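In UniProt numbering, the protein residues as written are 1 to 731.
From the three backbone atoms N, C-alpha and C, an ideal C-beta is built for every residue, glycine too.
Since the model is a prediction, treat every value here as computed from it, not as a measurement.
Here is the structure we will look at.
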Amino acid sequence: EKWDFVLVSDIHQMGSEKEIKRKKFLDELSKKGFTIKKIEDTKLFYGVRAPQHIFKKYQCLMGNPDRRLQNQSSPQGIPATTRIRIVHFILHNTVTPDFEKLQDLMKKKVFEAAFPLHEKEELTEYLNQKWACWRGVFSQQPIEKIRCYFGEKVALYFAWLGWYTCLLGVAALFGVVTFVAGITIFSSSQVSREICEANTTIMCPLCDKCPFWVLSEACTYAKVTHMIDNEATVVFAMFMAIWATVFLELWKRQRATVVTDWDLYGWDEEEEELAVQLINNLQHEPRLHQHSYFRSTIVLLLVLLMIVVSIGIAHALVIYRVIALAFFSQSSLELLHEHADVLAVMSGAVLHYITIVIMTKINRRVALFLCDLEKPRTFSQRENNFTMKIFTFQFFTNFSSLIYIAFFLGRINGHPGHYVRIAGRWRLEECHPSGCITDLFIQMAIIMVLKQSISNAMEYFSPWIRHKLRKTHKRPKKRRMMLGEEEEAEDPCKAQWLSNYELNEVNIFSLFNEFLEMTIQYSFTTIFVAAFPLAPLLAFLNNLLEIHLDAKKMMRLYRRMVPRKANDIGIWLQVLEAIGILAVIGNGLVIAITSDFIPLQVYKYMYSQCARGNHTDVDCSTGYISHSLSVFHIQNFEPNTLPNITGHEIKECRYRDYRNADDYTYTVQFWHIFAARLAFLILFEHVALCVKLIAAWYIPDVPQKVKNRLLYRKHTDLRRELSMMEYSTEV
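Spelled out as structure tokens, the structure:
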């Protein structure tokens with residue numbers, strides 16, 4: 001027997017309020033012609049099957065949109081995905097005489113669950129054996145079969161994820177090449193060599209009561225910095241800006257090809273929803289479009305408040321790093337004392353990851369509340385509103401701290417003798433003399449590794465453990481048979497319904513969670529990729545696992561998702577395009593502000609021996625480090641902040657900045673570098689955006705073969721209608 005849906009209820013006492021409400025709801029379904037089958041176990045199970053005339057009405061109204069699926073997925077001529085979708089809508093919009101819907105009854109515990117079934121059929125076996133398994137990691141996904149089982153929306157998600165992962169392989173290859181190019185200059189960089197040989201350069205203390213230190217102590221840190229911060233990184237950042245555009249343009253072409261094959265290119269979601277509403281209730285009146293400026297203003301203010309909270313958390317992380325640096329620097333443990341700055345950054349990154357996990361749950365609740373406040377007209381509108389809000393919240397949660405490290409760290413902390421302090425006590429942290437980009441590299445590496453390891457493990461093993469626990473607790477022990485007693489034949493549906501009930505419940509935003517995870521990953525992969533060239537590689541390896549973890553979850557750990565029809569990935573495409581623009585701005589700012597690329601070029605062409613016309617065999621960057629360090633006289637230190645001086649007397653120390661030694665005002669070189677940074681930023685962003693526009697123009701959104709196929713189809717339909725009209729006229 002084929003059943004469209006199963007309703008689950010506790011066994012209520014006869015005559016109780018819950019039992020009466022349940023009976024009223026089932027009676028309403030019976031009036032609509034539904035077939036209902038009851039099976040009693042530890043719970044009451046009601047199998048629901050819709051009458052055929054409902055689906056005939058749908059075909060009549062929509063012009064049989066599923067004709068290509070009928071031959072392969074349903075013996076009755078109606079695809080299982082269409083049956084489930086329509087029955088789900090009717091179940092959730094059937095009103096009892098008490099004006100209660102299924103959602104209201106579930107809140108009142110009249111029903112516990114409602115779900116479609118994972119059927120034991122050839123398609124299910126194929127997906128389990130060929131798709132939801134580790135053997136198929138490098139195999140092409142069976143998108144058409146996924147569509148037949150889960151519907152178009154899920155199929156488009158996996159088609160997009162597969163396409164994204166495929167093109168990530170190209171970006172990962174270029175990222176690895178960039179990283180390897182940096183490794184080749186690990187020890188040969190003139191700048192890092194100068195730092196390693198600076199045995200007599202005394203640096204100012206990194207914190208109050210910290211000792212003076214010698215610049216050569218930062219030798220390894222400097223080598224790592226210049227392994228990341230080099231000319232190849234600039235080229236790679238430009239490449240990733242173009243890659244993001246090409247990826248989206250090629251996806252639009254791929255999507256057009258796929259939905260044309262599905263006969264969904266011109267599908268109208270609003271028309272479909274109106275058709276199903278009329279099938280459910282012929283007296284239905286459409287809900288009109290409305291807009292409230294008052295509600296929109298309230299929502300906007302609350303969104304801004306959440307953004308302020310996210311920025312406030314970033315400030316709290318800054319305070320933590322400042323205090324942690326002071327604590328580690330004064331620790332008696334040699335490991336903490338010597339690597340205080342690195343440990344402060346690493347522990348701050350771990351704490352940042354923890355805040356991301358916590359704020360994700362809070363952001364979801366707030367976004368849902370704001371969506372309810374807006375009172376969206378349809379489910380798709382509600383989903384779009386929710387998407388924009390949760391992505392905005394998550395973006396600021398994930399990137400506020402990274403933005404501070406990239407663009408503000410070491411630039412707002414003042415200078416020796418006049419440091420900016422938190423609560424008048426703790427100095428703001430400053431960049432390492434070899435550059436700030438390594439701090440950003442460490443932060444991104446830790447967050448991406450933690451997100452893609454711990455989060456993925458939790459994402460799979462959490463529902464796996466819940467499923468095992470449900471199987472253990474829900475299955476009743478079989479009664480012992482008495483001598484001579486015959487075993488009662490068990491209904492064949494019972495085992496199937498029980499096994500489906502033991503699976504984890506599917507949330508209406510389950511697929512949304514997967515999209516959100518991938519768009520945040522896409523943001524990490526593109527926006528600050530200039531500081532972390534290995535981001536595409538980590539994302540590529542993660543996605544190879546992600547595709548098959550998602551497949552295994554959907555097929556084996558969760559109840560069957562209600563299929564939804566779609567002809568694109570919805571508002572996520574606009575989100576991805578916005579990220580592409582942010583990637584150009586972000587990478588331009590990282591190279592112009594965070595990187596030492598611009599100051600080094602200014603030094604080479606304006607202040608080095610090469611600029612003076614002395615064309616020798618000496619590297620043009622020789623002397624850059626000494627030129628980029630300012631001099632500070634220690635008698636000008638703030639009271640009670642000067643560390644104890646042992647050994648020979650120190651009269652001055654060096655610090656990273658471009659200031660005069662007498663009055664500590666900015667030097668002319670500072671303004672030259674400032675102008676060069678600004679000019680590079682404008683040039684980089686304009687060139688990158690122009691290249692993006694040219695790539696978008698050069699690659700058509702819809703392939704010519706798809707346009708020709710649609711043209712031929714329109715021509716054939718018009719010719720058929722005209723021929724039929726002429727034939728009827730002759731007759």
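Here the alpha carbons of Glu-144 and Leu-544 stand approximately 20 Å from one another. By the 16-neighbour rule on beta-carbons within 10 angstroms, His-226 is buried. The region 456-471 makes no contact with the region 7-16, as fewer than three CB pairs between them are under 8 Å. By alpha-carbon distance to Asn-385, the top candidate from Asn-398, Ser-296, Trp-243 and Tyr-605 is Ser-296.
At a Cβ-Cβ threshold of 8 Å, Phe-179 and Pro-416 do not count as neighbours. For Glu-338, the enclosing alpha helix (DSSP H) starts and ends at 334-338. Just so you know, the alpha carbons of Phe-528 and Gly-586 end up roughly 6 Å apart. Contact annotation, Pro-116 with Val-562: C-beta distance approximately 6 Å; criterion of less than 8 Å satisfied.
Secondary structure note for Val-276: its alpha helix (DSSP H) is the uninterrupted segment 269-280. Within the DSSP bridge table, the entry for Leu-7 names Tyr-46 and Ala-114 as partners. Residue pairing by DSSP places Cys-653 opposite Phe-632 in a beta bridge. In the structure shown, Gly-175 falls within a helical segment according to DSSP collapsed to helix, strand and coil.
Taking one beta carbon from each stretch, the region 312-321 and the region 337-349 have 3 or more pairs nearer than 8 Å; the two touch. Using a Cβ distance threshold of 8 Å, Ala-171 and Met-240 count as a contacting pair. Taken atom to atom, the span from the alpha-carbon of Trp-697 to that of Arg-255 is near 17 Å. Look at Met-458 here: in three-state DSSP terms it is helix. Non-local beta-carbon contacts of Ile-593 in its own chain, meaning distances under 7 Å to residues more than five positions away in sequence, involve Phe-407 and Arg-677 in chain order. For Thr-297, the enclosing alpha helix (DSSP H) starts and ends at 293-329. Contact annotation, Leu-440 with Ala-531: C-beta distance approximately 4 Å; criterion of less than 8 Å satisfied. Between Leu-402 and Ile-412, the C-beta gap is not smaller than 8 Å, which leaves the two residues out of contact.
Look at Trp-426 here: in three-state DSSP terms it is strand. Restricting attention to Leu-325, Met-203 and Lys-565, the CA atom closest to the CA of Phe-379 is found in Lys-565.
Contact between the region 503-517 and the region 51-65 is not established, with fewer than three Cβ pairs separated by less than 8 Å. Contact between the region 711-718 and the region 268-276 is absent: fewer than three C-beta pairs spanning the two stretches fall below 8 Å. Nearest to Asp-491 by C-alpha distance, out of His-672, Arg-22, Gly-47 and Lys-21, is Gly-47. Assignment of beta-bridge partners to Gly-414 by DSSP yields Tyr-419. The Cβ neighbour count for Gln-129, taken over all protein chains shown within 10 Å, is under 16; the residue is labelled exposed.
Shortest Cα-Cα distance from Ile-405 to any of Gln-443, Ile-242, Ala-423 and Lys-389 involves Gln-443. Boundaries of the beta strand (DSSP E) harbouring Glu-40: 35-40, taken from the DSSP string.
When DSSP assignments are scanned along the region 359-410, the uninterrupted stretches of alpha helix (DSSP H) that are 4 or more residues long and fall wholly within it turn out to be 379-407.
The alpha carbon of Leu-693 has as its nearest neighbour, out of Ile-146, Ala-495 and Trp-243, the alpha carbon of Trp-243. According to the DSSP assignment, Cys-196 belongs to the alpha helix (DSSP H) that extends over 190-197.
Annotated three-state conformation of Asn-543 is helix, per DSSP. One thing to note: Tyr-558 has its Cβ no nearer than 8 Å to the Cβ of Asn-500. Residue pairing by DSSP puts Val-214 in a beta bridge opposite Ile-202. Under the three-state reduction of DSSP output, Asn-504 falls in the strand class.
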